[in-house]
Structure formats: structure tokens, C-alpha cells
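J.:
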């Protein structure tokens, strides 16, 4: 992982930490700075990419799909991501350190715990947003699509993504 990528990841994670501390504006700023740094790093790694948003979205969803092949990890994400989204909404809208806010914080933490466990134990790779920040948004949309489309997983072998990495190694640190 390059220093730029590490810095972007640190900012994004720090933003999540600030959200737990009740620092909503700081959290959003730190998280946005992290995602912007990660996107800039992604673009530096892909100098030949000149597509618009639709093509960039397609790259992000392909990358997300390729880095989420394990069935257990997929189900952990389908469970964890709604907990993260609901928890984040509560952390941003509720008064800090009140009972409802604590429920939101718990939901946020459990959701991230499920996602991280899925990557560490079952998928054996890092979360996709570390290498492609747009996957942070594309991922939840991809999960919804999985629930309603009964789509078969992409094949891992012999696939290469726009980032040049084989699909099965794409997000490994």
C-alpha cells in the first residue's frame, strides 16, 4: 500500500472514529478527505482511464464483485451494510450519547464488524474501498442488486481488473 493510499484510508477511518465521538461535521470532513485522497490515488494508478461517471461506476462494481466472491462474506455484507447505513444515519441525526444514539453506534459497529470479519476470515482480502473508494457507494448498491437478481458470482480465475491486478488478489494488502 502506498503512502497516499494509507493516508486516505487513515483519514476515512478517522472520520468514522470522529462520528463515534459525536463530532459530526469533523467526521464528514475527515471521511470526505479520505475518500478524495483514495480516488486521487486510484486515478493516478489508472492514467489511461478517461471514461465518465458511468464507466467509473462500472469499474467500481466490477472490482467490488471480484473482491466479494465468498458466499459467507457476501451474506455478512448483505447483513452488515444495512446496519452500517442505519447506524451512520443515526449517528449523524441523533444527539450524541443518548440511548437512541447508542443503539445507532452499536448498529454501526456491528455492521463494520461483520464486514471486516467477512474479509479477514472468509474472503481473506481487504475491504474494497481501500483500493477503489467508489466501491464504498457501489458496494451497497451491488448488495441490493444481489438480493433481487440472483446473480451468479463472477469467475475469479484469469480475470484482470482495470487496476491490473488479478481479480482474486485485487484487494489483498
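Residue numbers (our numbering): 1 to 173.
The C-beta atom is built at its ideal place from N, Cα and C for all residues, glycine as well.
1. What separation, rounded to the nearest whole angstrom, lies between the Cα atoms of residue 82 and residue 147?
2. Have a look at 145, 117, 91, 100 and flag the residue whose alpha-carbon is nearest the alpha-carbon of residue 22.
3. Whose C-beta lies closer than 6 Å to the C-beta of residue 18 among residues of the same chain, with five residues either side of it excluded?
4. According to DSSP, is residue 67 helix, strand or coil?
5. When you compare each of 69, 37, 97 to residue 143 by their alpha carbons, which one comes out closest?
6. Distance, Cα to Cα, residue 171 vs residue 112?
7. Pick helix, strand or coil for residue 94, following the three-state DSSP scheme.
8. Beta-carbon separation of residue 80 and residue 120 under 8 Å?
9. Taking the alpha-carbon positions, what's the residue 16 to residue 41 distance?
10. For the alpha helix (DSSP H) that contains residue 113, what are its first and last residues?
11. With C-beta atoms as the reference, is residue 135 less than 8 Å away from residue 63?
12. Considering only residues of the same chain and omitting the five flanking positions on each side of residue 9, which have a CB-CB separation below 8 Å?
13. I need the straight-line Cα distance from residue 169 to residue 132, nearest angstrom please.
14. Hey, quick one: how far does the alpha helix (DSSP H) through residue 40 stretch, first residue to last?
15. Which class does residue 58 belong to by DSSP, given the choice of helix, strand or coil?
16. What are the uninterrupted segments assigned as alpha helix (DSSP H) that are 4 or more residues long and contained completely in the stretch 120-154, given in chain order?
T.: Taking the coordinates as given:
1. Counting from 1 along the chain shown, the entry for residue 82 is found at position 82. Counting from 1 along the chain shown, the entry for residue 147 is found at position 147. Rounded to the nearest angstrom, the two C-alpha atoms are 13 Å apart.
2. On the chain shown, position 22 is the one that residue 22 refers to. Per the Cα distances, 91.
3. One-based indexing of the chain shown puts residue 18 at position 18. The residues are 26, 27, 30.
4. The count along the chain shown starts at 1 and reaches residue 67 at position 67. Residue 67: coil per DSSP, three-state reduction.
5. For the purposes of this step, residue 143 is identified with residue 143 of the chain shown, where counting begins at 1. Selected option, being the one with the closest Cα: 69.
6. Residue numbering aside, residue 171 sits at position 171 when the chain shown is read from its first letter. Residue numbering aside, residue 112 sits at position 112 when the chain shown is read from its first letter. Only weak support exists for where residue 171 lies, its pLDDT of 44 falling under 50; the value from the coordinates is given anyway. For residue 171 and residue 112, the distance between alpha carbons rounds to 17 Å.
7. Walking along the chain shown from the start, residue 94 turns up at place 94. In this structure, DSSP gives residue 94 a state outside helix and strand, which the three-state scheme calls coil.
8. What you label residue 80 is simply residue 80 of the chain shown in a count that begins at 1. What you label residue 120 is simply residue 120 of the chain shown in a count that begins at 1. No, they are not a contact pair.
9. Start at 1 with the first residue of the chain shown, and residue 16 comes out as number 16. Start at 1 with the first residue of the chain shown, and residue 41 comes out as number 41. For the pair residue 16 and residue 41, the Cα-to-Cα distance works out to about 20 Å.
10. Residue mapping note: residue 113 aligns to position 113 of the chain shown, counting from 1. Per DSSP, residue 113 belongs to the alpha helix (DSSP H) from 99-117.
11. Locating residue 135 in the chain shown gives position 135, counting from the first residue. Locating residue 63 in the chain shown gives position 63, counting from the first residue. Yes, Cβ-Cβ distance for residue 135 and residue 63 is below 8 Å.
12. Here residue 9 corresponds to residue number 9 of the chain shown, with the count starting at 1. Cβ neighbours of residue 9 beyond the five flanking positions: 1, 34, 38, 130.
13. Numbered from 1 along the chain shown, position 169 holds the residue referred to as residue 169. Numbered from 1 along the chain shown, position 132 holds the residue referred to as residue 132. Low confidence applies to residue 169: its pLDDT is 48, below 50, so where it sits in the model is not reliable, and the reading given next is rough at best. Looking at the backbone, the Cα of residue 169 and that of residue 132 are separated by about 14 Å.
14. The residue labelled residue 40 in the question sits at position 40 within the chain shown. Start and end: 24-45.
15. Stepping through the chain shown from its first residue, residue 58 is reached at position 58. DSSP places residue 58 in helix when its eight states are reduced to three.
16. 135-149
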